[in-house]
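Participant: Please read through the structure below; I'll follow up with questions.
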Amino acid sequence: MAPSSDPQAFRAAIKSAKTVIILAGAGLSAGSGIPTYRGADGLWIKQDPKKLATPEGFKADASAIWQFYHSRRDTCLQAQPNAAHTFLASLSIPSVCERLLPSLSDNEKPPLFITQNFDSLSTRALEALHEEGKLSDEEIKIAKERLIEMHGSVFRTICTDCKHVKFTYDTPLCPALASTEEEGGDVEDVKKIPLAELPRCGGTSWNGRSNRYGSCGGLLRPGVVWFGEVPEGLGEIARKLNWAELLIVVGTSSLVHPAASFQKTVRDRRGKVAVFNLNRSEGDDLADFLFLGPCEETLVDIFQ
Ligand code: BV8
Ligand code: ZN
Numbered sequence: 006m007a008p009s010s011d012p013q014a015f016r017a018a019i020k021s022a023k024t025v026i027i028l029a030g031a032g033l034s035a036g037s038g039i040p041t042y043r044g045a046d047g048l049w050i051k052q053d054p055k056k057l058a059t060p061e062g063f064k065a066d067a068s069a070i071w072q073f074y075h076s077r078r079d080t081c082l083q084a085q086p087n088a089a090h091t092f093l094a095s096l097s098i099p100s101v102c103e104r105l106l107p108s109l110s111d112n113e114k115p116p117l118f119i120t121q122n123f124d125s126l127s128t129r130a131l132e133a134l135h136e137e138g139k140l141s142d143e144e145i146k147i148a149k150e151r152l153i154e155m156h157g158s159v160f161r162t163i164c165t166d167c168k169h170v171k172f173t174y175d176t177p178l179c180p181a182l183a184s185t186e187e188e189g190g191d192v193e194d195v196k197k198i199p200l201a202e203l204p205r206c207g208g209t210s211w212n213g214r215s216n217r218y219g220s221c222g223g224l225l226r227p228g229v230v231w232f233g234e235v236p237e238g239l240g241e242i243a244r245k246l247n248w249a250e251l252l253i254v255v256g257t258s259s260l261v262h263p264a265a266s267f268q269k270t271v272r273d274r275r276g277k278v279a280v281f282n283l284n285r286s287e288g289d290d291l292a293d294f295l296f297l298g299p300c301e302e303t304l305v306d307i308f309q
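In terms of this note's numbering, the sequence shown opens at residue 6 and continues consecutively.
Dropping the structure here:
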C-alpha cells in the first residue's frame, strides 16, 4: 500500500504511540546551509569518501583529511540550528512532549533522537532552549542523554596514541590549519602540512614523548565515525528499535548502514515508519507515511 501523506492520520499515529524514535540525516541540516552528501552538489559527489572518510585515508594523508574536516568544522560553526532542529529539540520540553506525544510511556520521554549528522546542530538547538529557560538543567541533561550522535561529532578530537577524547568548538585546532584551503577544493591540491604541525594531543606541537593522558603529543584525529568503523550507541539503538511503535525518519537518503536498516527493523516488528524528505528516498515506498518537502517546513507544519 502506498504511504499516506494525510496529516490527520499521522497525528493520530503520533498521539497513540507509546514509543517514538527519531532518525535524522544530512537533510535535517540542509536548511542551515550544510551541504548534504549525495544530492546534486553533495560532498561525496565532488570528493572521494574512501580518501576522506576512512581510517585508511587518514593513515595515507592525515594532512588532506585534517584540512577537509577543518573547513567542515568551520561550516558547521557558522551554521545555526534551523526550525526543524528547534522543533525536534522542543520535544524535550515536558509540556510540549505531553501535548504532542500524550501516549509516550514515562521512560520513553523525550523520544530517542538518533542523528547521523556530526554538525552538533541538534545539541546546539537544545542548548539554545536551555539558555532561553525553556529547558531546566535536569531536562537538558536528560535530552542530551536521549540524543545519539551515531556518527560522532566534528567538534570532537580523539588522540591516536592515548585515545583521549576532547570536545571543543575552538578553531583552528592548530596554527597550520588557520590558512587552509576553502571547502570544496580538491583534496589533491591542498597544501601538505607536516604531521608534527597537525593537531596534537595537549594542543602543542610535540617534541618529546610523554605518556600523560590528554597531553601526550600524539596525533589527533577528527572524532567522527568513518566508513568501516562501528557507529556509536548501537546497543541502545538496537534495544529501543525492538519496541519502537513509530520511527520518524528525517532527511536521509537511507543508503548508509546500519542506519539504513532501522526502518526495516521497526516495520518487521509491526512498528510504523514516517519519512520526511525533500525527495523520494530508499525504501520510502514501504513507509506508512511520507511527507515530501523541506523538513524545516513539513515537520513543523504537521504538528501545528
Ligand atoms: C559499519 C562521517 C561495521 C564521515 C559517515 C550493508 C550494506 C551496504 C554497505 C554496508 C553495509 N554495512 C556496512 C556497510 C558499509 C558502509 C555503508 O553503509 N556504505 C554505503 C554507503 C554503501 N557503512 C559503514 O561503513 C558504517 N560502519 O558498517 O561498520 C559494523 C556496523 C555495525 C556493527 C558492527 C560493525 C559507518 C557508516 C558511517 C560513515 N560515516 N559520515 C563524514 O561524513 O565525513 S556517513 C555519512 O552518510 C554521514 O554521516 C551522513 O549523515 C550519512 C548518511 O547520509 P545522509 O545523512 O542520508 O545524507 P545524504 O546526502 O545521503 O541524503 C540527504 C537526504 O536529505 C536526501 O535524501 C535528500 O533528499 C534529503 N534532503 C535534503 N534537503 C532536505 C532533505 N530532506 C528534508 N528537508 C530538506 N531540507
Ligand atoms: Zn594523547
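Ideal Cβ positions, reconstructed from N, Cα and C, are used throughout, including at glycine.
#1: So, for R129: in the same chain, excluding its five sequence neighbours on each side, which residues have a beta-carbon less than 6 Å away from its beta-carbon?
#2: On the criterion of 16 or more Cβ atoms from any shown chain inside 10 Å, does M155 qualify as buried, or is it exposed?
#3: Output needed for G189: all residues of its chain with C-beta closer than 6 Å, excluding positions within five of it in sequence on either side, in chain order.
#4: For F281, write down the residues that DSSP places opposite it in a beta bridge.
#5: Span of the beta strand (DSSP E) holding E154?
#6: Strictly closer than 5 Å from CB to any heavy atom of the ligand ZN: give me those residues in the order they appear in the chain.
#7: Going by the CB atoms, is the gap between S259 and G240 shorter than 7 Å?
#8: Which one of Q268, V230, P12 has the shortest CA to CA distance from E61?
#9: Quick one: complete alpha helix (DSSP H) runs, 4+ long, within the segment 111-191?
#10: For D293 and P8, I'd like the C-alpha separation in whole angstroms.
#11: Locate the alpha helix (DSSP H) running through R244, then write down its first and last residues.
#12: E150 and T24: beta carbons closer than 7 Å?
#13: The ligand BV8 and Y42: does any heavy atom of the ligand fall closer than 6 Å to the residue's C-beta?
#14: Do the segment 260-274 and the segment 127-145 meet, that is, are 3 or more Cβ pairs less than 8 Å apart?
#15: Looking at the structure shown, is L93 part of a helix, part of a strand, or coil, going by DSSP?
#16: Please tell me whether, using a cut-off of 6 Å, the distance from the CB of C300 to the nearest non-hydrogen atom of the ligand BV8 is below it.
#17: Would the beta-carbon of L295 fall within 7 Å of that of S10?
#18: Do you know how far the Cα of G228 is from the Cα of C373?
#19: State the DSSP-derived secondary structure class of I39, mapped to helix, strand or coil.
#20: Could you name the residues of the same chain whose beta carbon sits closer than 6 Å to that of Q309, not counting the 5 residues immediately before and after it, in chain order?
Facilitator: Walking through what the data contain:
#1: Start at 1 with the first residue of the sequence shown, and residue 129 comes out as number 124. The answer, listed in chain order, is P86.
#2: Taking the first residue of the sequence shown as position 1, residue 155 is located at position 150. Its Cβ being crowded by 16 or more others within 10 Å, M155 is buried.
#3: Locating residue 189 in the sequence shown gives position 184, where the first residue counts as 1. Confidence in G189 is poor, its pLDDT being 46 and thus under 50, which makes the residue's placement unreliable; the coordinate value appears in the next sentence. Answer for G189: no residue qualifies.
#4: Taking the sequence shown and counting its residues from 1, one reaches residue 281 at position 276. F281 pairs with V255, F296.
#5: For the purposes of this step, residue 154 is taken as residue 149 along the sequence shown, with counting starting at 1. It spans 152-154 - the beta strand (DSSP E) in which E154 sits, taken as one unbroken run.
#6: C164, D166, C167, H169, C206, C221, G223
#7: One-based indexing of the sequence shown puts residue 240 at position 235. One-based indexing of the sequence shown puts residue 259 at position 254. In this structure, S259 does not lie closer than 7 Å to G240 by Cβ.
#8: Position 56 of the sequence shown, counted from the start, is the residue given in the question as residue 61. Of Q268, V230, P12, the residue nearest in Cα terms is V230.
#9: 126-136, 142-150
#10: On the sequence shown, position 288 is the one that residue 293 refers to. On the sequence shown, position 3 is the one that residue 8 refers to. Going from the Cα of D293 to the Cα of P8 covers about 5 Å.
#11: Indexing the sequence shown from 1 puts residue 244 at position 239. Element bounds for R244: 239-248.
#12: As a first step, residue 150 must be located in the sequence shown, where it is residue number 145. As a first step, residue 24 must be located in the sequence shown, where it is residue number 19. No.
#13: Within the sequence shown, the letter at position 37 stands for residue 42. Yes.
#14: no
#15: The residue labelled residue 93 in the question sits at position 88 within the sequence shown. In the structure shown, L93 sits in a helix (DSSP, three-state: H, G or I).
#16: Within the sequence shown, the letter at position 295 stands for residue 300. Yes - the ligand BV8 has a heavy atom lying nearer than 6 Å to the Cβ of C300.
#17: Counting from one through the sequence shown, the residue named residue 295 turns up at place 290. Counting from one through the sequence shown, the residue named residue 10 turns up at place 5. A contact, by the Cβ cut-off of 7 Å.
#18: Any property of residue 373 remains undetermined from this structure, which presents the chain solely from 6 to 309.
#19: Locating residue 39 in the sequence shown gives position 34, counting from the first residue. Three-state result, I39: coil.
#20: Position 304 of the sequence shown, counted from the first residue, corresponds to residue 309. Excluding residues within five positions, none has a Cβ falling inside 6 Å.
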